[in-house]
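Novice: In our numbering, the protein residues as written are 950 to 1669.
Quick reminder that beta carbons are idealized off the backbone N, C-alpha and C, glycines included.
None of the values given here were measured: they were computed from a predicted structure.
Have a look at this one.
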């Protein structure tokens, strides 16, 4: 039998008169009949649309806007009503009115039933607030597209209603603060539908169980992906909790959310979290990729959502269920807004990658820190070899500059000169002082991030910093102390053989002027070079992480051709050599290319950019001094250029160290206040014992490093 038309479509109601509004206000707010909350509520309830999903959604928006008004309604309701916020007081007023107005309650019940019947909540519970792409870069492109392209309307989705009603991120906190007691009373009132063919609670419950199964399928697929399986080898495939997750959720649907099936969901989710924790621990040794970090984050979020849905389904009706439901919706809304941000996605997923790269750079930096007097002298000798090669690099730079090469070939051969020199240093075991700061800063940040008591950690850091500073001083002395005599010797030999100086007078004068600390932009270029030095350290850590993550050394050690040519031991030596030199070679090549290419690329865009590397600049100044003669080196401009070398070195070291330390501290989530306390402790330590920051300890052998500080061997071959 068809439903009477008067039920399907009640007759249109005319706008309420002021007399009706006054009567309503006097009845429900006798102490303050002029209060806007009660008068606006009457107009709102009188204007409930009889049909049309879009009209009903618009009315829900108006209702939330009324509920969120900052003017409270405490004076209009009984003092014993629950809730103390403005929203709760208005919610209590609405409940009181609906308890006394049967017609209004029937209209609101019909609206809620219509919204539930015309909308679906699967996307709301299973997709909103969760990553949608198959990988990091897929998700980034998807978010950019959503921000640029207009979104089509989706009135049949409750997810559309959530973001439409709560358009700003702060709304999640407001939603979580609502009183579950009042919401339970309100849902009991509107849960008596007229007509009784659609029950809103049943529709939402069915969507929650569908979402639970949907999330189980997606999360299981992510948890069984190859890169996750390969890092959870102790878990057999058949015993994987991700396989069991789907079966458990099938049982939830089959038994309509029976309590024992929901407990099984919680157990399976806990088992899946253990697998994720195992994979995360494996990243410490096996390297990390952005896509794998993203996948693990997606699994965690899916498991959290499944657990929240299971709590809602398992909670008893009334206040308890609404408390769990509010927690789910507020969490969902917060993630929904956060997941619209490309910046948040990049920051969240790259942080772990940055941390692992910094740790790789820090591991290399341990080899740049000396402890004993013998290690200090070994660092000086290693750096002297680096200075010797740098003098040849500076001479080759001038030779290449004298050739009439096309810009591409000029940049190519300059990069080959720098990178080749740095790589040779790496393989010969020499040290370039400017590579140290960014590496040692990562080691220092690793000590900052130790999970020990704060006082002990600060004391250990205060002991580590002097070792770093005197190691850096040893490397600088070795570089500069050797590059000067070698450059002078090369210039004199060239002049004796060729019959003319290596540099013309104009070229030599230009070198002197380019290093003047205040008549040129040398200090600005030195700071920029410090940035390039830091970038090269990041590239070194990235390459080592890539080699470890892809297991390239193991692949080489078992490569059939290498074993056939070099034998088993030879293949293993090649693999060990790659692992040993990966970071050094990667950083050396990157630094060489950046020093050669950065000025040319900037010039292509009309930006006057240059580089000033302290060791190369000192070698260049030595060549210029030999060309200008003994009298010129005592001129004020030349002496100012020598002073400029000192400033260039400070900026090279300081900028690269500061950048590396800042990024490493951020990657390890070290708070700013702790970093400032650390600086204060170091200053006090310097004032009490400045010699420890400059010279190695007098006693032999030196005292063992503090507990927890990195073990530091003598400089190894490869400049590490």
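Count the other CB atoms, across all protein chains shown, that sit within 10 Å of the CB of residue 1247; report buried if there are 16 or more and exposed otherwise.
Specialist: Position 298 of the chain shown, counting from 1, holds the residue named residue 1247. Per the 10 Å Cβ criterion, buried.
Novice: Return the Cβ separation of residue 1376 and residue 1338 in integer angstroms, given the expectation that the two are a contact with Cβ distance under 8 angstroms.
Specialist: In the chain shown, residue 1376 corresponds to position 427, counting from 1. In the chain shown, residue 1338 corresponds to position 389, counting from 1. Rounded, the Cβ-Cβ distance is 11 angstroms, inconsistent with contact.
Novice: Quick check on residue 1450: buried or exposed, where buried means 16 or more other Cβ atoms within 10 Å of its Cβ?
Specialist: For the purposes of this step, residue 1450 is taken as residue 501 along the chain shown, with counting starting at 1. The residue in question, residue 1450, is buried, as its Cβ has 16 or more Cβ neighbours within 10 Å.
Novice: Going by DSSP in three states, residue 1270 sits in which element: helix, strand or coil?
Specialist: Stepping through the chain shown from its first residue, residue 1270 is reached at position 321. Helix, per DSSP.
Novice: Does the beta-carbon distance from residue 1067 to residue 1002 come in below 8 angstroms?
Specialist: Taking the chain shown and counting its residues from 1, one reaches residue 1067 at position 118. Taking the chain shown and counting its residues from 1, one reaches residue 1002 at position 53. Yes. Within cutoff.
Novice: Which stretch, first to last residue, makes up the alpha helix (DSSP H) that contains residue 1505?
Specialist: Counting from one through the chain shown, the residue named residue 1505 turns up at place 556. Its alpha helix (DSSP H) spans residues 1501 to 1506.
Novice: For residue 1216, count the other beta carbons within 10 Å of its own beta carbon; 16 or more makes it buried, fewer makes it exposed. Which is it?
Specialist: Here residue 1216 is taken as the residue at index 267 of the chain shown, counted from 1. Exposed: under 16 other Cβ atoms inside 10 Å.
Novice: What are the partner residues of residue 1069, as DSSP defines its beta bridges?
Specialist: Here the question's residue 1069 lines up with position 120 in the chain shown. According to DSSP, which records beta bridges pairwise, residue 1069 is partnered with 1106.
Novice: Out of curiosity, what's the CA-to-CA distance linking residue 1606 and residue 1121?
Specialist: Here residue 1606 refers to the residue found at position 657 when the chain shown is read from its first residue. Here residue 1121 refers to the residue found at position 172 when the chain shown is read from its first residue. Taking the straight line from one Cα to the other gives about 41 angstroms.
Novice: Does DSSP put residue 1184 in a helix, in a strand, or in coil?
Specialist: As a working mapping, residue 1184 is identified with position 235 in the chain shown. Residue 1184: coil per DSSP, three-state reduction.
Novice: Which first and last residues belong to the alpha helix (DSSP H) in which residue 1475 is found?
Specialist: Taking the chain shown and counting its residues from 1, one reaches residue 1475 at position 526. Here the alpha helix (DSSP H) through residue 1475 covers 1471 to 1498.
Novice: Which residue comes first and which comes last in the alpha helix (DSSP H) that contains residue 1634?
Specialist: The residue labelled residue 1634 in the question sits at position 685 within the chain shown. Run containing residue 1634: 1621 to 1637, per the alpha helix (DSSP H) assignment.
Novice: Take the Cβ of residue 1271 as the centre, count every other Cβ of all protein chains shown within 10 Å, and call the residue buried at 16 or more, exposed below.
Specialist: Locating residue 1271 in the chain shown gives position 322, where the first residue counts as 1. Label assigned to residue 1271: buried.
Novice: Measuring CB atoms only, is the segment 1508 to 1525 touching the segment 1622 to 1640, in the sense that at least three cross pairs come out at less than 8 angstroms?
Specialist: Because the criterion of three Cβ pairs below 8 angstroms is not met, the segment 1508 to 1525 and the segment 1622 to 1640 do not touch.
Novice: State the DSSP-derived secondary structure class of residue 1548, mapped to helix, strand or coil.
Specialist: Taking the first residue of the chain shown as 1, we reach residue 1548 at position 599. Correct three-state label for residue 1548: helix.
Novice: Does the beta-carbon of residue 1483 have 16 or more other beta-carbons within 10 angstroms, so that it is buried, or is it exposed?
Specialist: For the purposes of this step, residue 1483 is taken as the residue at position 534 of the chain shown. With 16 or more Cβ atoms within 10 Å of its Cβ, residue 1483 is classed as buried.
Novice: Tell me the rounded alpha-carbon separation between residue 1334 and residue 1350.
Specialist: Taking the chain shown and counting its residues from 1, one reaches residue 1334 at position 385. Taking the chain shown and counting its residues from 1, one reaches residue 1350 at position 401. So the alpha carbons of these two residues sit roughly 25 angstroms apart.
Novice: Is DSSP giving residue 958 helix, strand or coil here?
Specialist: To locate residue 958, count along the chain shown from 1; it is residue 9. A caution first: residue 958 carries a pLDDT of 45, below 50, which makes its placement in the model unreliable, though a value can still be read off. Looking at residue 958 - three-state DSSP - the assignment turns out to be coil, as it is neither helix nor strand.
Novice: Given this structure, state the Cα-to-Cα distance separating residue 1502 from residue 1551, to the nearest angstrom.
Specialist: Taking the chain shown and counting its residues from 1, one reaches residue 1502 at position 553. Taking the chain shown and counting its residues from 1, one reaches residue 1551 at position 602. Approximately 37 angstroms, taken between the alpha carbons.
Novice: Report the CB separation of residue 1537 from residue 1362 in whole angstroms; it is logged as a contact under 8 angstroms.
Specialist: Locating residue 1537 in the chain shown gives position 588, where the first residue counts as 1. Locating residue 1362 in the chain shown gives position 413, where the first residue counts as 1. About 17 angstroms; that fails the 8 angstroms criterion.
Novice: Is the distance from the Cβ of residue 1075 to the Cβ of residue 1160 below 8 angstroms?
Specialist: As a position in the chain shown, residue 1075 is number 126, starting the count at 1. As a position in the chain shown, residue 1160 is number 211, starting the count at 1. The answer is yes: Cβ separation under 8 angstroms.
Novice: Out of 970, 1138, 1035, 1642, point me to the one whose CA is closest to residue 1419's CA.
Specialist: For the purposes of this step, residue 1419 is identified with residue 470 of the chain shown, where counting begins at 1. Answer by Cα proximity: 1642.
Novice: What is the DSSP secondary structure of residue 1612, reduced to helix, strand or coil?
Specialist: For the purposes of this step, residue 1612 is taken as the residue at position 663 of the chain shown. Helix.
Novice: Would you report the Cα separation of residue 1569 and residue 1437, rounded to the nearest angstrom?
Specialist: Start at 1 with the first residue of the chain shown, and residue 1569 comes out as number 620. Start at 1 with the first residue of the chain shown, and residue 1437 comes out as number 488. Between residue 1569 and residue 1437, the C-alpha separation is close to 10 angstroms.
Novice: With residue 1230 and residue 1177 assumed to form a contact (beta carbons below 8 angstroms), what rounded beta-carbon distance in angstroms separates them?
Specialist: In the chain shown, the residue the question calls residue 1230 occupies position 281. In the chain shown, the residue the question calls residue 1177 occupies position 228. Contact doesn't hold; Cβ gap of about 13 angstroms is too wide.
Novice: Drop a sphere of 10 angstroms on the beta-carbon of residue 1146, count the other beta-carbons inside from all chains shown, and report buried for 16 or more, exposed for fewer.
Specialist: Taking the first residue of the chain shown as position 1, residue 1146 is located at position 197. Note that residue 1146 scores a pLDDT of 47, beneath 50, so its modelled location is shaky; the value from the coordinates is reported in the next line. Under this definition residue 1146 is an exposed residue.
Novice: Let's test the definition: count the other Cβ atoms within 10 Å of the Cβ of residue 1448 and tell me whether it reaches 16, buried, or not, exposed.
Specialist: Residue numbering aside, residue 1448 sits at position 499 when the chain shown is read from its first letter. Under this definition residue 1448 is an exposed residue.
Novice: Please state the DSSP three-state secondary structure of residue 1284.
Specialist: In the chain shown, the residue the question calls residue 1284 occupies position 335. DSSP places residue 1284 in helix when its eight states are reduced to three.
Novice: Please list the terminal residues of the continuous alpha helix (DSSP H) segment that includes residue 1120.
Specialist: Numbered from its first residue, the chain shown carries residue 1120 at position 171. Unbroken alpha helix (DSSP H) run through residue 1120: 1120 to 1125.
Novice: Does at least one heavy atom of the ligand ATP sit under 7 angstroms from the Cβ of residue 1351?
Specialist: No copy of the ligand ATP occurs in the structure displayed, which carries no ligand at all.
Novice: Assuming residue 1323 contacts residue 1382 under a Cβ cut-off of 8 angstroms, what Cβ separation, rounded to an integer in Å, is found between them?
Specialist: Position 374 of the chain shown, counted from the start, is the residue given in the question as residue 1323. Position 433 of the chain shown, counted from the start, is the residue given in the question as residue 1382. Not quite, the Cβ-Cβ distance comes to about 19 angstroms (not below 8 angstroms), so this is no contact.
Novice: Have a look at residue 1331 and residue 1186 and give me their C-alpha separation to the nearest angstrom.
Specialist: Here residue 1331 is taken as the residue at index 382 of the chain shown, counted from 1. Here residue 1186 is taken as the residue at index 237 of the chain shown, counted from 1. Taking the straight line joining both Cα atoms gives about 51 angstroms.
Novice: Let me check understanding here. Comparing Cα to Cα, which of 1264, 1369, 1614 lies closest to residue 1534?
Specialist: Sequence index remark: in the chain shown, residue 1534 carries index 585 (1-based). Here the closest residue by C-alpha is 1369.
Novice: Expressed to the nearest angstrom, what Euclidean distance is found between the alpha-carbon atoms of residue 1269 and residue 1507?
Specialist: As a first step, residue 1269 must be located in the chain shown, where it is residue number 320. As a first step, residue 1507 must be located in the chain shown, where it is residue number 558. Their backbone Cα atoms lie some 60 angstroms apart in a straight line.
Novice: If you draw a straight line from the C-alpha of residue 968 to the C-alpha of residue 1093, how long is it?
Specialist: Here residue 968 is taken as the residue at index 19 of the chain shown, counted from 1. Here residue 1093 is taken as the residue at index 144 of the chain shown, counted from 1. Answer to the nearest angstrom: the Cα atoms are 53 angstroms apart.
Novice: Could you please give the first and the last residue of the uninterrupted alpha helix (DSSP H) stretch that includes residue 1381?
Specialist: If you number the chain shown from 1, residue 1381 lands on position 432. That residue, residue 1381, is in no alpha helix (DSSP H); it is neither H nor E in DSSP.
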